[in-house]
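Encoded as C-alpha cells, the structure appears first; notes follow it.
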Amino acid sequence: MTVHVAWDESLARELIDERTGLEGAMLPILHALQERFGYVDSRAVAIVAQALNVSRAEVFGTISFYHDFKRQPPMGGTIKLCRAEACQARGAEDLVEHLEHEHGVEIDGGYQNGVKVETAYCLGNCALGPNALHDGEIYGKLDPQSLDELFALVARKAGARQ
C-alpha cells in the first residue's frame, strides 16, 4: 500500500536532486513526487524547472499532458478499470454499468464513498480480464462480486486516511 506524506519542500528537493542526473529526468522526478505525496504540488513546478534548467511552462505542460499526474492531494482511493478491447470482450462495460447502478459511481467522475474510478486502456493483463489496478496491484478476472469487494476495500482504506 502506498502511504502519502504531506507536502514537504526539503523532501521534494531530495527526491528531485536524486534524479536530476538521469537521462530524461523530468518524468522520473514527477513520478517520484507523486509517489511520495500522492500528487505533484504546484510549488514543485519551479523547483523542478530550476533543477532541470527548463521553463516552468515545460514542467507544467508535462504534468497536464499526462492525466495520471494529479495536481491536488487525493481525496480518497482510486481504482483504474481497464476498458480496452480485450477487457471489453470479457465484460468490462458490464462492470461499468454495475458500478453506476450499485454504487452510484460515475466513471472518470468524482469520488463516491471515498473511491474514484478512472478508465485505463490496457493494464497488460489481457488474458485475465477484465482488470483493475489499485495501489500498484492488478486485480484480474473481475466480476460484479469481486469488484464490489475491491470497491469496499478501497472505501475502507480511504476512510482510514481521512
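First residue of the sequence shown? That's 2 in the numbering used here, and the numbers climb one at a time after it. Note that beta-carbon positions come from the ideal geometry of N, C-alpha and C, so glycine has one too.
Taking 6 Å as the limit between beta carbons, can you name the residues of its chain near Gln163, skipping five residues before and five after? The residue labelled residue 163 in the question sits at position 162 within the sequence shown. Low confidence applies here, because Gln163 scores a pLDDT of 46, under 50, leaving its location unreliable; read the following figure in that light. Cβ within range, chain order: n/a, list empty.
Span of the beta strand (DSSP E), counted from its first residue to its last, around Ile80: Along the sequence shown, read from residue 1 onward, the residue named residue 80 stands at position 79. Ile80 -> beta strand (DSSP E) spans 78-83.
Counting C-beta neighbours from all protein chains within 10 Å, is the total for His99 16 or more, i.e. buried, or is it exposed? Start at 1 with the first residue of the sequence shown, and residue 99 comes out as number 98. So His99 ends up on the buried side.
Given this structure, state the Cα-to-Cα distance separating Pro131 from Lys81, to the nearest angstrom. Numbered from 1 along the sequence shown, position 130 holds the residue referred to as residue 131. Numbered from 1 along the sequence shown, position 80 holds the residue referred to as residue 81. Approximately 11 Å, taken between the alpha carbons.
Would you call Leu28 buried or exposed, if buried means 16 or more other Cβ atoms sit within 10 Å of its Cβ? Position 27 of the sequence shown holds residue 28. Flag for Leu28 reads exposed.
Could you name the residues of the same chain whose beta carbon sits closer than 8 Å to that of Leu53, not counting the 5 residues immediately before and after it, in chain order? Looking up residue 53 in the sequence shown gives position 52. Within the same chain, and ignoring the five residues on either side of Leu53 in sequence, the residues whose Cβ sits closer than 8 Å to its Cβ are Thr21, Ala26, Met27, Ile30, Val60.
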